[in-house]
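J.: Let me begin by handing over the structure; questions about it come next.
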Amino acid sequence: MRSTFALQEDVIYRLKAAAALLNISENTLRNHLRDSGMEIQRANKKNPASPAVRLFNIADVFKLARWRREQDLVKKVSAEPVVIAVDLIKGGVGKSTTAGELGIQLGLLGYRVLMIDLDVQSNLTQLMGYESDLTIDEAAEHGLSDDAIVTGTFATICTQFMDSKNGRGNKMGNVAGVIKRPFGAHGPALIPSDTFLGDLEQAFTYAKGNRELVFRTLFKESAAGDVPGFNVNEYDFIIFDCPPSISFSSTNAIAAADVVIAPIRMDSFAVKGLSRLVSEINGLGERSPEVRPQLLILPTHYSTNITRVSRMQQQLQAYKGNLSPTVISASELFPKTQENYLPLTLQMPTAGPVGEYRLFTEFLLSMCAKTKGKQARTAEV
Ligand SMILES: Nc1ncnc2c1ncn2[C@@H]1O[C@H](COP(=O)(O)OP(=O)(O)OP(=O)(O)O)[C@@H](O)[C@H]1O
Ligand SMILES: [Mg+2]
1 MRSTFALQED VIYRLKAAAA LLNISENTLR NHLRDSGMEI QRANKKNPAS
51 PAVRLFNIAD VFKLARWRRE QDLVKKVSAE PVVIAVDLIK GGVGKSTTAG
101 ELGIQLGLLG YRVLMIDLDV QSNLTQLMGY ESDLTIDEAA EHGLSDDAIV
151 TGTFATICTQ FMDSKNGRGN KMGNVAGVIK RPFGAHGPAL IPSDTFLGDL
201 EQAFTYAKGN RELVFRTLFK ESAAGDVPGF NVNEYDFIIF DCPPSISFSS
251 TNAIAAADVV IAPIRMDSFA VKGLSRLVSE INGLGERSPE VRPQLLILPT
301 HYSTNITRVS RMQQQLQAYK GNLSPTVISA SELFPKTQEN YLPLTLQMPT
351 AGPVGEYRLF TEFLLSMCAK TKGKQARTAE V
């Protein structure tokens with residue numbers, strides 16, 4: 001039985017594609033297989049007439065990626081998780097796509113990733129293979145296991161956490177069941193969303209203490225082992241996909257973040273939402289000096305319409321120091337492939353925009369290596 005809507009068993013990679021996903025040569029991959037002792041199914045096992053080529057599935061690739069990390073073949077970024085918020089108060093700019101593709105890219109590098117869907121629209125949740133309103137009966141009809149059902153969201157964890165702080169003696173239960181593993185034990189994890197995520201906004205209104213720092217405090221206590229079933233130190237990266245609306249959740253995600261990624265649509269006319277985001281980051285920093293996320297602007301939907309792009313670039317001049325040197329091109333492949341409940345990177349490992357997300361991921365990693373620990377301040381613009 002499948003545990004996600006994606007037809008993952010139909011996605012198989014030959015050696016070349018698996019090496020491309022892991023960003024290593026075919027020879028290195030062969031050596032890794034020898035050294036790790038990992039067995040990969042051969043095509044002739046299913047069909048004796050086929051050549052004996054190896055057929056990797058998605059879980060195999062993430063398992064190898066994790067093995068690489070365990071062998072120290074991947075640079076360590078930080079002892080604590082790097083927290084990333086993908087945020088902009090403007091709809092359809094590529095937040096969920098960026099959160100998902102980045103999560104997969106980091107997972108393919110061997111990093112332990114947790115993605116958190118903070119949007120009731122559940123786009124990231126769908127991208128990872130889940131329909132949030134699925135019932136047990138519907139799951140069975142689709143040939144899906146109980147794992148396919150969303151049984152909790154980040155609201156489940158946060159509301160319990162806030163309740164435990166309200167002085168009435170409520171203890172937190174074990175929240176491990178909320179965390180999904182769509183690509184097997186070694187792939188990126190997901191805290192999905194459903195309509196009950198809306199409860200979180202309401203819970204903030206009666207939260208004790210600083211309402212902007214609930215996620216941050218939760219992470220601190222989680223790292224100390226005080227949140228049963230949820231330890232942030234089990235991850236190298238935690239990525240929040242924020243909603244396009246003003247919300248306590250987004251503010252909390254920014255306040256917990258080391259890096260705020262703001263995708264900007266280059267086929268639009270204005271860098272809408274950006275100045276608001278910058279003042280929100282700066283305002284948070286003034287109220288709580290320990291909050292110092294670095295802003296990183298990612299141009300998306302990049303096209304060759306020179307007039308429009310140069311007008312946008314002029315508007316972005318003010319944010320020069322925070323601009324990603326790499327961009328994501330406009331590509332129909334995103335909306336087309338997202339219908340399959342699987343990120344583009346896993347469906348078309350060698351497609352152009354996948355390479356662009358890889359370059360962006362590499363830039364982000366170089367930025368994290370420089371700033372993590374030093375706690376760089378956001379540019380004052
Ligand atoms: N680089 C791109 N080129 C073309 N289409 C894209 C690109 N990135 C994302 N899309 C498409 O644009 C739409 C919006 O993308 P996405 O859901 O990632 O944006 P969002 O900012 O999360 O939206 P919302 O504000 O509603 O949460 C989707 O249909 C997606 O497939
Ligand atoms: Mg979204």
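In terms of my numbering, the sequence shown is numbered consecutively and its last residue is 381.
Glycine included, every Cβ here is placed at the ideal spot set by N, Cα and C.
Because the structure is a prediction, the values reported are computed rather than measured.
In the DSSP output, what is TYR302 paired with across the bridge?
T.: Locating residue 302 in the sequence shown gives position 302, counting from the first residue. Answer by DSSP bridge pairing, in chain order: SER329.
J.: Within this structure, are the beta carbons of ILE391 and LEU277 separated by less than 8 Å?
T.: Residue 391 lies beyond the stretch modelled for the chain, which goes from 1 to 381, so this question has no answer here.
J.: What are the start and end residues of the alpha helix (DSSP H) that includes VAL61?
T.: For the purposes of this step, residue 61 is taken as the residue at position 61 of the sequence shown. Segment 58 to 70, the alpha helix (DSSP H) holding VAL61.
J.: Please report how far the alpha carbon of THR153 lies from the alpha carbon of ALA17, in whole angstroms.
T.: Taking the first residue of the sequence shown as 1, we reach residue 153 at position 153. Taking the first residue of the sequence shown as 1, we reach residue 17 at position 17. For THR153 and ALA17, the distance between alpha carbons rounds to 34 Å.
J.: GLY321: which of ALA270, GLU39, GLU26, LEU295 sits nearest, CA to CA?
T.: Numbered from 1 along the sequence shown, position 321 holds the residue referred to as residue 321. Looking at the Cα atoms, LEU295 is the closest of the given residues.
J.: Suppose you measure from the CA of GLY91 to the CA of SER36; what does that come to, to the nearest Å?
T.: Here residue 91 refers to the residue found at position 91 of the sequence shown. Here residue 36 refers to the residue found at position 36 of the sequence shown. Each residue's Cα considered, the two are about 44 Å apart.
J.: Whole angstroms are fine: how far does the CA of VAL232 sit from the CA of ALA52?
T.: Residue 52 sits at position 52 when you count from the first residue of the sequence shown. Residue 232 sits at position 232 when you count from the first residue of the sequence shown. Cα-Cα distance, rounded: 42 Å.
J.: Compute every distance between the C-beta of GLN71 and the non-hydrogen atoms of ligand 1, then say whether any falls below 7 Å.
T.: Counting from 1 along the sequence shown, the entry for residue 71 is found at position 71. No, since every heavy atom of ligand 1 falls outside the 7 Å radius drawn around the Cβ of GLN71.
J.: ALA140 bridges to which residues according to DSSP?
T.: Here residue 140 is taken as the residue at index 140 of the sequence shown, counted from 1. ALA140 is not bridged to any residue.
J.: Out of ASP241, MET162, ARG69, HIS186, which one is the CA nearest neighbour of TYR206?
T.: Taking the sequence shown and counting its residues from 1, the one referred to as residue 206 is at position 206. Nearest C-alpha to TYR206: MET162.
J.: Hey, which unbroken runs of the beta strand (DSSP E) at 3 residues or more fall wholly within the stretch 108 to 166?
T.: Qualifying beta strand (DSSP E) stretches, in chain order: 113 to 117.
J.: Taking buried to mean at least 16 other C-beta atoms within 10 Å of its own C-beta, is PHE237 buried or exposed?
T.: Here the question's residue 237 lines up with position 237 in the sequence shown. Result: buried.
J.: Got a sec? Which residues, its chain only, sit under 6 Å from VAL83 by beta carbon, not counting five neighbours each side?
T.: Here the question's residue 83 lines up with position 83 in the sequence shown. Only ILE238, ALA256, ALA257, ASP258 meet the Cβ criterion.
J.: Can you check DSSP and say which residues form a bridge with PRO263?
T.: For this step, residue 263 is matched to residue 263 along the sequence shown. In the DSSP output, where bridge partners are listed per residue, PRO263 has LEU298.
J.: Less than 7 Å separating the Cβ of LYS90 from some heavy atom of ligand 2?
T.: For the purposes of this step, residue 90 is taken as residue 90 along the sequence shown, with counting starting at 1. Outside the cutoff, so no.
J.: Considering only C-alpha positions, which residue in the set GLN313, LYS370, SER331 is nearest to VAL354?
T.: By 1-based counting over the sequence shown, the position of residue 354 is 354. With distances taken between Cα atoms, VAL354 lies closest to SER331.
J.: Excluding the five sequence neighbours on either side, which residues of its own chain have a C-beta within less than 8 Å of the C-beta of VAL120, listed in chain order?
T.: As a position in the sequence shown, residue 120 is number 120, starting the count at 1. If we look at VAL120 and ignore the five residues flanking it on each side, its Cβ neighbours are SER193, ASP194, THR195, LEU197, GLY198, PRO243.
J.: Considering only C-alpha positions, which residue in the set PRO299, HIS301, THR300, GLY283 is nearest to PRO293?
T.: Residue mapping note: residue 293 aligns to position 293 of the sequence shown, counting from 1. For the residues PRO299, HIS301, THR300, GLY283, the minimum Cα distance to PRO293 belongs to GLY283.
J.: Around the C-beta of ILE116, are 16 or more other C-beta atoms found within 10 angstroms, so that it is buried, or is it exposed?
T.: Here residue 116 refers to the residue found at position 116 of the sequence shown. Its Cβ being crowded by 16 or more others within 10 Å, ILE116 is buried.
J.: Say the cut is 7 Å; is the CB of PRO244 nearer than that to a heavy atom of ligand 1?
T.: Here residue 244 refers to the residue found at position 244 when the sequence shown is read from its first residue. Indeed, a heavy atom of ligand 1 lies less than 7 Å from the Cβ.
J.: So, at 6 Å on beta carbons, what are the nonlocal neighbours of MET312 in its own chain, with the 5 sequence-adjacent residues on each side left out?
T.: Numbered from its first residue, the sequence shown carries residue 312 at position 312. Within the same chain, MET312 has close Cβ partners MET266.
J.: Just the C-alpha distance for ARG358 and ASP10, rounded to the nearest angstrom, thanks.
T.: Locating residue 358 in the sequence shown gives position 358, where the first residue counts as 1. Locating residue 10 in the sequence shown gives position 10, where the first residue counts as 1. Cα-Cα distance, rounded: 24 Å.
J.: Exposed or buried, which one is THR307 when buried takes at least 16 other CB atoms within 10 Å?
T.: Position 307 of the sequence shown holds residue 307. Under this definition THR307 is an exposed residue.
J.: Answer yes if the stretch 48 to 63 comes into contact with the stretch 127 to 138, meaning at least three C-beta pairs across the two stretches below 8 Å, and no otherwise.
T.: The stretch 127 to 138 vs the stretch 48 to 63: no contact.
J.: Provide the residue span of the beta strand (DSSP E) that contains PHE237, from first to last.
T.: The residue given as residue 237 occupies position 237 in the sequence shown. 237 to 241 is the extent of the beta strand (DSSP E) around PHE237.
J.: Check for me: the beta strand (DSSP E) holding LEU6 runs from which residue to which?
T.: Residue numbering aside, residue 6 sits at position 6 when the sequence shown is read from its first letter. The residue you asked about is not Leu; residue 6 is Ala in the sequence shown. Looking at the DSSP string, ALA6 is not in any beta strand (DSSP E), and its letter there is neither H nor E.
J.: Is any heavy atom in ligand 1 found nearer than 7 Å to the beta carbon of GLN347?
T.: Along the sequence shown, one-based indexing puts residue 347 at 347. No, ligand 1 has no heavy atom inside 7 Å of this Cβ.
J.: Among the candidates HIS186, ASP226, SER132, GLN126, whose CA atom is the shortest distance from the CA of LYS165?
T.: For the purposes of this step, residue 165 is identified with residue 165 of the sequence shown, where counting begins at 1. Nearest of HIS186, ASP226, SER132, GLN126 to LYS165, Cα basis: ASP226.
J.: What I want to know is whether the C-beta of ALA330 ends up closer than 7 Å to one or more non-hydrogen atoms of ligand 1.
T.: Position 330 of the sequence shown, counted from the start, is the residue given in the question as residue 330. Yes, Cβ of ALA330 sits closer than 7 Å to a heavy atom of ligand 1.
J.: Within 10 angstroms of its Cβ, does ASP87 collect 16 or more other Cβ (buried), or is it exposed?
T.: Here residue 87 refers to the residue found at position 87 of the sequence shown. Burial call: buried.
J.: Give the DSSP-derived three-state secondary structure of TYR319 in the structure shown.
T.: Numbered from its first residue, the sequence shown carries residue 319 at position 319. In this structure, TYR319 counts as helix in the three-state DSSP scheme.
J.: Kindly indicate which residue of GLY187, GLY143, SER249 has the alpha-carbon position closest to the one of LEU102.
T.: Translated into positions along the sequence shown, residue 102 becomes position 102. Measuring from the Cα of LEU102, the nearest candidate turns out to be GLY187.
J.: Nearest to PHE62 by alpha carbon, out of THR159, MET172, TYR111?
T.: Looking up residue 62 in the sequence shown gives position 62. Answer by Cα proximity: TYR111.
J.: Run the proximity test for PRO293: is its beta-carbon closer than 7 Å to any non-hydrogen atom belonging to ligand 1?
T.: By 1-based counting over the sequence shown, the position of residue 293 is 293. No; taking the cut-off as 7 Å, the Cβ of PRO293 has no heavy atom of ligand 1 nearer than that.
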